[in-house]
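Residue numbers (this note's numbering), protein chains in the order written: chain A, 3 to 319; chain B, 113 to 445.
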């Protein structure tokens, strides 16, 4: 019976030699988690990205418990208070208050809900529909493919932000609308990447080999094409998610995202804009939240791209 | 005895933007159960296309004519006219193929073991555990050390030779009647090449598989094959037992090929003989002997009609009008 510690030492020893690692251990879940942890530990930027990202998700889920104040509560006596570490800081409000005396820290925590929701749901819609359409186009080929790609390229040719602003202005302000706008407008990117990968993968020797051992088309799609697609698509998804969070804030700033009653980072930026020179903290902290979120997701996405390619797994130092 | 595979007048034509490519023209050959047939010829002579035609692995805009009667014990059918589903059930099960580039033929995101179980599960209705056990056995059979651990390795962790061994394991997993090896050793170095040849020969003897070995290396052929088919310009110009071919080549092209092999015993003063000219243009539908442009013995008749197969000695069939002595037409037998 070997203890966990010995097992770990064994793993590390194998790792140092750079030789083939005992792949059997991959089968049990604990070893697998340990393995992922080692991969993260080796790439510190990926680790930091993941941790920050998890903190943001955590705060979005448990916002009511974490926020010290009601984000909507107006208190005109306590308006425009600077952050706690300045001389005039109020210990009640860590990051200060806005024009109407609402607690900035609480609003930022609640604001993460909108950003994460738009990012996750938007990417889920774009990912799933885009992958299906791309697979269909790539496999069907011929006229169907031509038609789908023409439409896709036409949508991609439209200036993205103008397009999004137009739809947002037409549909009106609600969270559902924002999610749908970002989900649907990002489909073409996923279609293009999926189709390109499918066309490349179809010509691969192992697809021919799979046909030559009598595999049927559905089996080839699910066992050989899809697993090879997941890597590039997941990576694209993380980058698209951070882009969506940026664009959502942009829409909010323009007053086209969620209604002004909902605390969101974009709305906060818009509200703070007129006080930028006198009370800069009203804009700085929501801005920082946006930047940190986007940055952490890009770091994590980079790490994910490396890890999802099995050829990279053993080679990274 | 009835041949296991009997190919008659196989022709394959690709339709491209630039016109039709006549890749395979009128190829006929037999394959007996358990024997090794080597197919030799230069690049573009139609070796691979012939085999891919038999398995229906060519793209859609391809025309294949002729017949290929596949008759293992129990049933008999024409590979060129069966349905797609039937062909699917034969591929990997009764007839397998291994390709030249083993790395390209293995899926980088699946473990080697999983890829071996694939055809087992598809054709034999093995359950997952059974397939796993069998895959480990197969890895051991093809000479991979620590097969139970290598089962979980990804293709990029294997060396070139190991990859080709893994491909062989996949190919023989269902104990097929025919194994088509499409230049499996071309990408490997000489020592590994010898090992793969040896492995194939051993497996063939143990399992009684008939092997079609495609190569352009006559050195490999000599040690491996029972019979040889020489291809030129999409046609099988000569088929002969391996000893006869080396002793008494019946076709000028075969003779030319044999003359172009360097010998370690020859003196440095002997220059290698090369065959003048270039391979034929396959965009033209062949109406005469394809070798006529480069043949030293060419005469009128060669430009007028396609030579049929002449039997010049037991088991040796040659498609050539020239009989080796002078420019007189050979008597048909």
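In this text, a Cβ means the ideal position worked out from N, Cα and C, and glycines have one as well.
The structure presented is a predicted model; accordingly, all values stated were derived computationally and were not measured.
- In the DSSP annotation of this structure, the continuous segment of the alpha helix (DSSP H) that includes residue 303 of chain B starts and ends at 302-319.
- Annotation: the stretch 337-406 of chain B contains the following complete segments of the alpha helix (DSSP H) (minimum length 4 residues), in chain order: 354-359, 364-371.
- Scanning chain B for C-beta atoms nearer than 7 Å to the C-beta of residue 207 of chain A yields 211, 213, 216, 217, reported in chain order.
- The beta carbon of residue 304 of chain B sits closer than 7 Å to those of 272, 273, all from its chain and outside the five residues before and after it, given in chain order.
- In this structure, DSSP gives residue 276 of chain A a helical state, which the three-state scheme calls helix.
- In this structure residue 70 of chain A is not in contact with residue 114 of chain A, their Cβ atoms being roughly 15 Å apart against a cut-off of 8 Å.
- Contact with chain B is found for residue 233 of chain A, since one of that chain's Cβ atoms lies less than 9 Å from the residue's Cβ.
- If the five residues before and after residue 262 of chain B are omitted, its C-beta is found closer than 7 Å to the C-beta atoms of 224, 251, 256, all from its own chain and listed in chain order.
- Chain-order list of chain B residues neighbouring residue 250 of chain A: empty, with the shortest C-beta distance near 33 Å, by a criterion of under 7 Å.
- For residue 239 of chain A, the secondary structure class from DSSP, reduced to helix, strand or coil, is helix.
- For residue 121 of chain B, the secondary structure class from DSSP, reduced to helix, strand or coil, is strand.
- According to the DSSP secondary-structure assignment, residue 294 of chain B is paired through a beta bridge with B:326.
- Beyond the five residues adjoining it in sequence on each side, residue 131 of chain B comes within less than 8 Å, by CB distance, of 395 in the same chain, given in chain order.
- Under DSSP, residue 430 of chain B forms a beta bridge with B:350, B:422.
- Under the three-state reduction of DSSP, residue 127 of chain B is assigned to strand.
- When the five nearest sequence neighbours on each side are left out, the beta carbons in the same chain lying within less than 8 Å of the beta carbon of residue 389 of chain B are those of 405, 406, in order along the chain.
- Rounded to the nearest whole angstrom, the CA to CA distance from residue 122 of chain A to residue 243 of chain A is 7 Å.
- Residues 90, 91, 98, 283 of the same chain have their beta carbon placed closer than 7 Å to that of residue 84 of chain A, with the five preceding and five following residues left out of the count.
- Annotation: residue 176 of chain B is outside any alpha helix (DSSP H); the continuous beta strand (DSSP E) that includes it extends over 174-182.
- Secondary structure remark: continuous beta strand (DSSP E) runs of at least 3 residues inside the stretch 178-222 of chain B, in chain order: 207-210.
- Residue 221 of chain B places its beta carbon 9 Å or farther from that of residue 264 of chain B.
- Straight through space, the alpha carbons of residue 347 of chain B and residue 411 of chain B are spaced by roughly 20 Å.
- Within the stretch 153-232 of chain A, complete alpha helix (DSSP H) segments of at least 4 residues are found at 162-173, 177-187, 189-204, 207-214, given in chain order.
- With the criterion set as a beta carbon lying under 9 Å from some beta carbon of chain A, the members of the stretch 172-200 of chain B are 197, 199, 200, in sequence order.
- Counted as a single uninterrupted DSSP element, the alpha helix (DSSP H) harbouring residue 162 of chain B occupies residues 159-167.
- For residue 95 of chain A, no chain B residue has a Cβ inside 7 Å of its Cβ, as the nearest lies near 51 Å away.
- Residue environment: residue 350 of chain B is assigned as buried (16 or more neighbouring CB atoms within 10 Å of its CB, all protein chains considered).
- As DSSP reads the structure, residue 143 of chain B sits in a beta bridge with B:117.
- Residue contact with chain A for residue 296 of chain B: absent (no Cβ-Cβ distance below 9 Å to any residue of chain A).
- For residue 218 of chain A, the C-beta contacts it makes with chain B under 9 Å involve 197, 200, 234, in order along the chain.
- Per the DSSP secondary-structure output, residue 150 of chain B pairs in a beta bridge with B:325, B:340.
- Residue ranges of uninterrupted alpha helix (DSSP H) with 4 or more members, entirely inside the stretch 245-280 of chain B and ordered along the chain, are 259-262.
- In this structure the stretch 290-309 of chain B does not touch the stretch 287-306 of chain A; the number of beta carbon pairs closer than 8 Å is below three.
- Within the DSSP bridge table, the entry for residue 238 of chain B names no partner.
- Between the alpha carbons of residue 336 of chain B and residue 193 of chain B lies a distance of about 32 Å.
- The contact set of residue 230 of chain A on chain B, defined by CB atoms closer than 7 Å, consists of 221 in chain order.
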